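**Q**
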Amino acid sequence: MSKTIHLYLFKSEKHLAPFLKKKRIEGKKIGFVPTMGALHRGHISLIEKAKDECEIVVCSIFVNPTQFNNAKDLEKYPRTIEHDMEMLLKADCSVLYLPASQEIYPEGKPELKNYDLGYYDKVLEAAFRPGHFQGVANVVYRLMKKVNPAVLYLGQKDFQQIQVIRKMIELENFQTKIEVCEIVRELSGLAMSSRNVRLNEEAWNNAAVISQTLFFLKEKRNEFSSVKALREEGIKRLKKIPDSIVEYLEICDAETLRPVEIIVKGKLTIILTAIWINGVRLIDNILIENKLT
Ligand code: PAF
Numbered sequence: 000m001s002k003t004i005h006l007y008l009f010k011s012e013k014h015l016a017p018f019l020k021k022k023r024i025e026g027k028k029i030g031f032v033p034t035m036g037a038l039h040r041g042h043i044s045l046i047e048k049a050k051d052e053c054e055i056v057v058c059s060i061f062v063n064p065t066q067f068n069n070a071k072d073l074e075k076y077p078r079t080i081e082h083d084m085e086m087l088l089k090a091d092c093s094v095l096y097l098p099a100s101q102e103i104y105p106e107g108k109p110e111l112k113n114y115d116l117g118y119y120d121k122v123l124e125a126a127f128r129p130g131h132f133q134g135v136a137n138v139v140y141r142l143m144k145k146v147n148p149a150v151l152y153l154g155q156k157d158f159q160q161i162q163v164i165r166k167m168i169e170l171e172n173f174q175t176k177i178e179v180c181e182i183v184r185e186l187s188g189l190a191m192s193s194r195n196v197r198l199n200e201e202a203w204n205n206a207a208v209i210s211q212t213l214f215f216l217k218e219k220r221n222e223f224s225s226v227k228a229l230r231e232e233g234i235k236r237l238k239k240i241p242d243s244i245v246e247y248l249e250i251c252d253a254e255t256l257r258p259v260e261i262i263v264k265g266k267l268t269i270i271l272t273a274i275w276i277n278g279v280r281l282i283d284n285i286l287i288e289n290k291l292t
């Protein structure tokens, strides 16, 4: 017998909350995948993982204005709702939460909470995108208040964002568990991202050098005299990409995100990078020493 696939669509908390409450009373576990849409296989891998562990999987699509520190970037952010809904249907996601801006920010120009995110709000992405993580923490807080999930599914590609959300969850005393899902890559190694659609063919091909560099650094890390030399080699390789601006490449303790001077065997360490290629900003990372559990 063929399976009937439903995707419940909720545009407001008024209907979403009682639906989820009923499911919770029935003993169903709720998994949550927050997104900004323009869904790709990376997002679907989060849905799949959530489906393995939860009876109800809620995906939200909301392009959050408060996390864009650049109005042009917000304007250019791809919006592909029909395609997204098809993908969610195919993936057998249970619920799409598609709030309007007034639902998330009823006060209009939002009065954001100022979270003490410590070092996470000073370095790497935060240094280049001031205010970005306050916007992320605020929107995820508001979404989580509405969905109240048992488990939140996040992709490793936005590694610093995971640490920020972890911190917000701790500060807000949510009981929600975080599951981190591995980066999904194109055959070329390019990390899947909603921004990739903005790369022209040449830039798309060139962007493969990002992951090639990360894989190279991971593999050859013991052949370099120091972490400094390893980092410099990475930057040198990235700078060779035509029409590129390297914002950072750092080798850090994966928990604190502080740069390391030596790579300690068995200590979770990560290489993170952000680079503009042909006017499109891309990020990627690779864990070295240990798998994230
Ligand atoms: O990773 C994203 O798509 C966004 O930052 C998130 C977590 C949905 C918050 O807007």
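Quick note on numbering that gives the first Met the number 0: the sequence shown kicks off at 0 and runs consecutively.
Glycine included, each C-beta is placed from N, C-alpha and C at the ideal position.
Computed from a predicted structure; not experimentally measured.
(1) Would you call the region 30-37 and the region 64-79 in contact, with 3 or more CB pairs under 8 Å?
(2) With distance defined between alpha-carbon atoms, name the residue in N277, K27, L6 nearest to N147.
(3) Does F158 pass the burial test, meaning 16 or more other C-beta atoms within 10 Å, or should it be called exposed?
(4) Report, in whole angstroms, the separation of the C-beta atoms of Y140 and L45, which I expect to be a contact under 8 Å.
(5) Can you name, in chain order, every residue of its own chain whose Cβ lies under 6 Å from the Cβ of K22, other than the five neighbours on each side?
(6) Just mark Q101 as buried or exposed, buried being the case when its beta carbon has 16 or more other beta carbons within 10 Å.
(7) Per DSSP, what kind of secondary structure is E12 in: helix, strand or coil?
(8) Using C-beta distances below 7 Å, list every residue in its chain close to I261, excluding the 5 sequence neighbours before and after it, in chain order.
(9) Note down, in chain order, each residue of its chain lying with its Cβ closer than 7 Å to the Cβ of I4, except the 5 sequence neighbours on either side.
(10) Three-state secondary structure (DSSP) at D51?
(11) With DSSP run on the structure shown, which of helix, strand or coil describes T292?
(12) To which residues of the same chain is I234 closer than 8 Å at the C-beta, ignoring the five residues directly before and after it?
(13) Quick check on A202: does DSSP put it in helix, strand or coil?
(14) Express the C-alpha separation of E185 and E201 in angstroms, rounding to a whole number.
(15) Please report how far the alpha carbon of E124 lies from the alpha carbon of K50, in whole angstroms.
(16) Report the residue from I274, V163, I164, K266 whose alpha carbon sits nearest the alpha carbon of R236.
(17) Could you compute how far the alpha carbon of K112 sits from the alpha carbon of K219?
(18) Roughly how many angstroms separate the alpha carbons of K10 and Q162, rounded to a whole number?
(19) For I164 and N172, what's the separation of their Cα atoms in angstroms?
(20) K176 bridges to which residues according to DSSP?
(21) Out of A70, C58, K71, state which residue places its alpha-carbon closest to the alpha-carbon of M84.
(22) Is the beta carbon of V183 closer than 8 Å to that of G278?
**A** Answer, in terms of the structure:
(1) yes
(2) K27
(3) buried
(4) With 8 Å as the limit, Y140 and L45 do not qualify as a contact, their Cβ atoms being about 19 Å apart.
(5) I55
(6) exposed
(7) helix
(8) V226
(9) L88, D91
(10) helix
(11) The predicted model places T292 with a pLDDT of 41, which falls under 50 and marks its position as unreliable, so this point remains unresolved.
(12) V245, L248
(13) helix
(14) 15 Å
(15) 30 Å
(16) I274
(17) 43 Å
(18) 29 Å
(19) 12 Å
(20) V150
(21) C58
(22) no
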